[in-house]
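Take the sequence shown: its letters are residues 1 to 304, numbered as in the working numbering.
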Amino acid sequence: MFNFKKKSVVLIVVALLILTAVSVVFAAGYDLTTVPSDATINGAIFQAIAPSDPTGSGGFDAFLRTQADVSEKGYNNEMNNSDYEFDEVSGCCTHEITLAEIPEVLRQADGIKYRIFELDINETNSAPLITLDTVEIYEAADGNICGYPFDGSATIPPCPAGTINTATMIYDMDAGENNFVVLDYDNNAGSGKRDLRLWVPDALFSQDPNCDYQSPDANLCTTYIVLYNEFGLDFDANAASPLDTAHNTDDGFEEWGVPTEDIPTAISFSDISAGMQTGNFIWIGLAFLLLIVLTVGKLQRNRA
């Protein structure tokens with residue numbers, strides 16, 4: 001039979017094991033590799049989708065493309081290719097966009113109005129998973145912006161003449177803790193076939209009526225939207241499950257845009273959290289450990 005000290009040690013070890021297991025299993029990841037599935041992160045809804053319009057039909061207006069091996073990052077702007085700060089792709093689909101061009105949708109499930117963004121990923125069939133690690137959305141006075149994180153402090157690389165270097169962050173996927181979303185290219189293979197819809201509460205954005213979606217005075221909207229993203233960070237090829245690691249980028253570009261066809265006008269779907277956030281379970285584990293320590297201390301005092 002264990003003596004009291006041995007029992008105390010066993011209880012503490014068990015608590016530490018539970019805390020460790022919880023931290024690993026419930027990493028700050030959301031598994032959206034099946035359709036439909038969705039997760040709410042800091043008030044925005046990340047929804048895995050299967051669009052009904054054909055691939056490459058023109059039902060998607062892209063404004064940001066990034067591409068690089070292993071990991072990639074970047075933001076939309078009006079700079080020339082030689083002035084891009086990160087992994088942005090030049091050409092048609094990396095450019096400025098105003099708030100008036102972002103669709104607004106009233107969601108039936110909660111009665112909240114959202115702005116809608118969509119993401120198309122391009123990975124290989126042999127390694128179809130990819131991790132979306134960061135989404136930050138800013139409002140700026142001009143689309144010709146440079147110097148992430150847009151607080152005026154960036155000096156490398158030197159920003160071209162005529163650009164601004166400040167913007168206001170209105171949404172951060174990683175606010176409070178480091179979140180990520182795992183997506184599967186095989187769900188919607190092919191360029192132009194979107195994989196994710198991002199619902200961001202309209203209340204976070206400027207409420208200038210000129211910036212309402214398709215406003216007759218949209219040309220007067222001077223609020224520019226800048227979306228910064230990161231993919232494929234912290235990849236571990238030996239991870240046991242999709243949520244144990246990031247998944248790197250290994251093929252074509254990833255692109256953000258807005259739908260121009262098949263826009264949901266009043267959609268209803270359930271918020272199914274496909275992953276569990278680390279922070280909640282770490283605090284539960286810490287509370288459990290503290291309870292055991294206090295109990296052991298009380299028993300020791302009683303024995304004394």
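Positions of the beta carbon are idealized from the N, C-alpha and C atoms, including for glycine.
Cβ separation of residue i and residue j, assumed to be a contact under 8 Å, to the nearest whole Å
{"i": "Asn-229", "j": "Trp-199", "result": "Contact doesn't hold; Cβ gap of about 16 Å is too wide."}
{"i": "Leu-196", "j": "Leu-64", "result": "That belief does not hold up - the Cβ atoms of Leu-196 and Leu-64 are roughly 13 Å apart, past 8 Å."}
Test item: CB-CB of residue i and residue j under 8 Å
{"i": "Leu-119", "j": "Phe-205", "result": "no"}
{"i": "Asp-202", "j": "Tyr-75", "result": "no"}
{"i": "Thr-166", "j": "Asp-186", "result": "no"}
{"i": "Val-258", "j": "Asp-61", "result": "yes"}
{"i": "Tyr-224", "j": "Gly-143", "result": "yes"}
{"i": "Val-135", "j": "Met-173", "result": "yes"}
{"i": "Leu-183", "j": "Ile-116", "result": "no"}
{"i": "Pro-103", "j": "Ile-263", "result": "yes"}
{"i": "Thr-66", "j": "Phe-253", "result": "yes"}
{"i": "Glu-78", "j": "Glu-96", "result": "yes"}
{"i": "Glu-101", "j": "Thr-94", "result": "no"}
{"i": "Asp-250", "j": "Ala-127", "result": "yes"}
{"i": "Lys-193", "j": "Pro-51", "result": "yes"}
{"i": "Ile-145", "j": "Thr-163", "result": "yes"}
{"i": "Asn-210", "j": "Ala-28", "result": "no"}
{"i": "Leu-132", "j": "Phe-231", "result": "yes"}
Three-way DSSP call (helix, strand, coil) for residue i in this model
{"i": "Tyr-334", "result": "Since the first residue of the chain shown is 1 and the last is 304, residue 334 is not available in this structure."}
{"i": "Ser-52", "result": "coil"}
{"i": "Ile-41", "result": "strand"}
{"i": "Tyr-185", "result": "helix"}
{"i": "Glu-88", "result": "strand"}
{"i": "Asp-120", "result": "strand"}
{"i": "Asp-83", "result": "helix"}
{"i": "Asp-208", "result": "coil"}
{"i": "Asp-151", "result": "strand"}
{"i": "Ala-127", "result": "coil"}
{"i": "Asp-172", "result": "strand"}
{"i": "Glu-78", "result": "coil"}
{"i": "Glu-101", "result": "helix"}
{"i": "Ser-23", "result": "With a pLDDT of 33 at Ser-23, under the threshold of 50, the modelled position of that residue is not reliable, and the figure given next carries that caveat. Here Ser-23 sits in helix by DSSP."}
Residues that DSSP places opposite residue i in a beta bridge
{"i": "Lys-73", "result": "Glu-230"}
{"i": "Gln-47", "result": "Asp-38 and Arg-197"}
{"i": "Pro-259", "result": "Phe-60"}
{"i": "Thr-134", "result": "Glu-230"}
{"i": "Glu-139", "result": "Thr-168 and Ile-225"}
{"i": "Thr-163", "result": "Beta-bridge pairing links Thr-163 to no other residue."}
{"i": "Thr-66", "result": "Glu-88 and Glu-254"}
{"i": "Ile-145", "result": "Ile-164"}
{"i": "Leu-106", "result": "Lys-113"}
Burial state of residue i (16 or more Cβ within 10 Å)
{"i": "Glu-123", "result": "buried"}
{"i": "Asp-69", "result": "exposed"}
{"i": "Ser-82", "result": "exposed"}
{"i": "Ser-90", "result": "exposed"}
{"i": "Glu-261", "result": "exposed"}
{"i": "Gln-47", "result": "buried"}
{"i": "Phe-44", "result": "The amino acid at residue 44 is misidentified as Phe; the sequence shows Ala. Classification of Ala-44: buried, given that the 10 Å Cβ count is 16 or more."}
{"i": "Asp-271", "result": "Residue placement at Asp-271 is flagged as unreliable, the pLDDT there being 34, under the threshold of 50; a coordinate-derived value is accordingly withheld."}
{"i": "Asp-110", "result": "exposed"}
{"i": "Ala-175", "result": "exposed"}
{"i": "Pro-157", "result": "exposed"}
{"i": "Thr-33", "result": "buried"}
{"i": "Cys-92", "result": "exposed"}
{"i": "Leu-233", "result": "buried"}
{"i": "Asp-217", "result": "exposed"}
{"i": "Asn-188", "result": "buried"}
Near the ligand ZN: residue i beta-carbon under 7 Å from a heavy atom
{"i": "Asn-42", "result": "For the ligand ZN, the structure offers nothing, since it holds no ligand at all."}
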